[in-house]
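Participant:
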Amino acid sequence: MSFRIFSLLFLLCLLSTKWLPVKLSAEDWPQFRGTNSSGIAAGNSAPIHFGPDMNVLWKLSLDAGHSSPCIVGDALFLTTYHKSSNSLFVLCIDRRRGTVRWQRRVDAKSIERGHPSFNPASSTPTSDGKRVVAY
Numbered sequence: 002m003s004f005r006i007f008s009l010l011f012l013l014c015l016l017s018t019k020w021l022p023v024k025l026s027a028e029d030w031p032q033f034r035g036t037n038s039s040g041i042a043a044g045n046s047a048p049i050h051f052g053p054d055m056n057v058l059w060k061l062s063l064d065a066g067h068s069s070p071c072i073v074g075d076a077l078f079l080t081t082y083h084k085s086s087n088s089l090f091v092l093c094i095d096r097r098r099g100t101v102r103w104q105r106r107v108d109a110k111s112i113e114r115g116h117p118s119f120n121p122a123s124s125t126p127t128s129d130g131k132r133v134v135a136y
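With the working numbering, the residue at position 53 of the sequence shown is 54, and numbering never jumps.
This is the structure in structure tokens:
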């Protein structure tokens, strides 16, 4: 492909993103380390005191996983691993009530091996506000 054609295609792709805005609110955390990958949330609404029975909105028992949450609107997405069935899952949890809205099993040809403390549900889901991607 010539440089001129490549440059034109690149410019068209770049300009097209201006008309495809992603509508995320300030409370969304759509990817690993947040909206701008800084790991810093906007505002200062975190509780000063926090513990097992203090400033807890809800609790939910889940299978193990090392992913960070992905939050879009009232949906919180996580990945988990069920060791006995050797299965990976993506979960959608209602962030206000703590109830599981849905879960999808992710079929993998093989599960990575690692340290005994390793958990294959380590990748954080991400979202563009319409779709969720996890692997």
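Each residue gets a CB set at the ideal place from its N, CA and C atoms; glycine is no exception.
1. Would you report the Cα separation of Trp-59 and Gly-99, rounded to the nearest angstrom?
2. Could you round the C-beta distance between Leu-68 and Ser-124 to whole angstroms and report it? I think they count as a contact, below 8 Å.
3. Report the partner residues of Ala-76 according to the DSSP bridge assignment.
4. Give a yes or no on whether the C-beta atoms belonging to Asp-75 and Arg-106 are separated by under 8 Å.
5. Could you spell out where the beta strand (DSSP E) holding Trp-103 opens and where it closes?
6. Would you call Gly-66 buried or exposed, if buried means 16 or more other Cβ atoms sit within 10 Å of its Cβ?
7. Measuring alpha carbon to alpha carbon, tell me which residue in Ile-49, Asp-29, Val-91, Lys-110 is nearest Pro-126.
8. Name the residue from Leu-77, Asp-108, Asp-129, Ala-43 whose alpha carbon lies nearest to the alpha carbon of Leu-61.
Facilitator: In terms of the structure at hand:
1. Looking at the two C-alpha atoms, the distance is approximately 6 Å.
2. For the record, residue 68 in the displayed sequence is Ser; it is not Leu. The C-beta separation of Ser-68 from Ser-124 comes to about 6 Å, placing the pair in contact by the 8 Å criterion.
3. The beta-bridge partner set that DSSP reports for Ala-76 consists of Val-73, Asp-95.
4. Cβ distance not < 8 Å, so Asp-75 and Arg-106 don't count as in contact.
5. Trp-103 -> beta strand (DSSP E) spans 101-107.
6. Buried.
7. Ranking Ile-49, Asp-29, Val-91, Lys-110 by Cα distance to Pro-126 puts Val-91 first.
8. Ranking the options by Cα distance to Leu-61, first place goes to Leu-77.
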